[in-house]
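Novice: 377 is the number that the numbering used here gives the last residue of the sequence shown; the numbers go up by one with no jumps.
Where is the CB? At the ideal position from N, CA and C, for every residue including glycine.
First the structure, then my questions, so here it is.
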Amino acid sequence: MSHILQRVANSIFKQSYQVAQQVRMVTTESNSTKAKGLQQFFENGTSLPEQTWTGRSWKASELRLKSFDDLHKLWYVLLKERNVLATQREEARRLGIDKSTWTNAGRCKKSMARIKFVLNERQRAYEEAKRLAEQTQVKI
């Protein structure tokens with residue numbers, strides 16, 4: 238009986254591992270990581286995408302839940318996105334096309350400002366805790 242259970246467990250483990258690998262491949266693939274050099278600043282290999290979808294900026298309450306490493310990575314993702322949007326805006330200006338990518342760039346800037354705010358909150362809390370710890374050691 239235990240031999241059968243072990244086979245079933247191994248089968249389930251293999252299936253879940255394969256699904257996890259597929260999910261990881263889907264979530265980590267992006268057009269900018271495939272592109273090299275300056276092509277990273279163009280979406281799908283074109284200077285102006287046909288249709289754009291926009292999201293919202295990150296809220297400070299959401300960012301407070303992230304680790305330092307996650308915030309660091311998110312900062313650079315947003316920086317790269319700002320560069321892509323600036324490239325698109327400049328290309329639209331050059332071609333005389335009215336593209337409203339300025340609002341998207343504003344969302345990136347707002348998210349980046351909120352990341353700085355959250356990191357500053359953490360730094361102030363750390364310094365305050367350090368100061369209180371030093372005060373209690375002096376009293377002892």
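Could you please give the first and the last residue of the uninterrupted alpha helix (DSSP H) stretch that includes W312?
Specialist: Here the alpha helix (DSSP H) through W312 covers 305–332.
Novice: Report yes or no: do three or more beta-carbon pairs, one from the segment 301–316 and one from the segment 346–355, lie closer than 8 Å?
Specialist: Judged by Cβ distances under 8 Å, the segment 301–316 makes contact with the segment 346–355, as three or more pairs qualify.
Novice: Between which two residues does the alpha helix (DSSP H) containing L300 stretch?
Specialist: Its alpha helix (DSSP H) spans residues 297–300.
Novice: Taking its Cβ as the centre, do 16 or more other Cβ atoms sit within 10 Å of N357, making it buried, or is it exposed?
Specialist: Classification for N357: exposed.
Novice: Taking just the CA atoms, how far does R359 sit from K353?
Specialist: Each residue's alpha carbon lies about 10 Å from the other.
Novice: For V375, count the other beta carbons within 10 Å of its own beta carbon; 16 or more makes it buried, fewer makes it exposed. Which is it?
Specialist: Looking at its Cβ environment, which holds fewer than 16 other Cβ atoms inside 10 Å, V375 is exposed.
Novice: Among the residues of its own chain, which have a CB less than 8 Å from the CB of R301, if the five just before and after it don't count?
Specialist: Cβ neighbours of R301 beyond the five flanking positions: V355, E358.
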